[in-house]
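Below is one structure, written out as structure tokens; comments come after it.
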Ligand SMILES: [Mg+2]
């Protein structure tokens, strides 16, 4: 059960995930979370660094789809300037948005990584869906209300993993 919460990898920032590295792994597509993964949850638009990250992925022919539990307004305003396909109100960790994104990209689950800042939604959903999962450190410490409850549970799981030596970064 707990192993479904364990990411395959963890990095500090989404910017640490390079297209060259993904290509080496045989990866052709990325499913990424938005809030606190690409930008802080209360920042509307992509930063220049994130915009550049999307461009680099495109240069390497790696498709990127944003899937977010947030609403249409938030997700479309962020994604459309990047010309990135997106799924809003995704209800992660449920599987359907992940499946839809994979189908839209025309890729198999083995060719896709799932990136996100939350164990309870991104990592759990990605793992159950059979994707390679990469956990990032949340950009901002504070969250919306529902996320706060998830974070409480998550902190316990992370502490447990840290004790077991499964996760090595510092808070
Ligand atoms: Mg998030």
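Residue numbers (the working numbering): 160 to 330.
For each residue, glycine too, the CB sits at the ideal point set by N, CA and C.
Checking 8 Å against the spacing of the C-beta atoms, do residue i and residue j come in under that value?
i, j, result
"residue 252", "residue 275", "no"
"residue 181", "residue 208", "no"
"residue 245", "residue 236", "no"
"residue 243", "residue 213", "yes"
"residue 293", "residue 256", "no"
"residue 278", "residue 313", "yes"
"residue 231", "residue 247", "yes"
"residue 254", "residue 288", "yes"
"residue 241", "residue 205", "yes"
Quick one: measure Cβ to Cβ for residue i and residue j, integer angstroms, because I've assumed they're closer than 8 Å.
i, j, result
"residue 280", "residue 228", "6 Å"
"residue 189", "residue 272", "6 Å"
"residue 298", "residue 198", "6 Å"
Start and end of the alpha helix (DSSP H) containing residue i?
i, result
"residue 215", "207 to 218"
"residue 285", "283 to 287"
"residue 251", "First-last for residue 251: undefined, no H or E at that position."
"residue 262", "255 to 264"
"residue 182", "178 to 183"
Taking all protein chains shown into account, do 16 or more other C-beta atoms lie within 10 angstroms of the C-beta of residue i, making it buried, or fewer, making it exposed?
i, result
"residue 201", "exposed"
"residue 187", "buried"
"residue 310", "buried"
"residue 166", "buried"
"residue 184", "exposed"
"residue 308", "exposed"
"residue 286", "buried"
"residue 191", "buried"
"residue 210", "exposed"
Within the continuous beta strand (DSSP E) that includes residue i, where are the two ends?
i, result
"residue 294", "291 to 295"
"residue 189", "188 to 191"
"residue 234", "Careful: residue 234 lies outside any beta strand (DSSP E), inside the alpha helix (DSSP H) at 231 to 238."
"residue 173", "Unbroken run through residue 173: none, as it is neither H nor E."
"residue 326", "No beta strand (DSSP E) holds residue 326; DSSP gives it neither H nor E."
Let me check understanding here. Comparing Cα to Cα, which of the options lies closest to residue i?
i, options, result
"residue 224", "206, 208, 193", "193"
"residue 221", "179, 240, 241", "179"
"residue 327", "168, 164, 161", "168"
"residue 177", "216, 250, 204, 164", "216"
"residue 250", "306, 324, 325, 172", "306"
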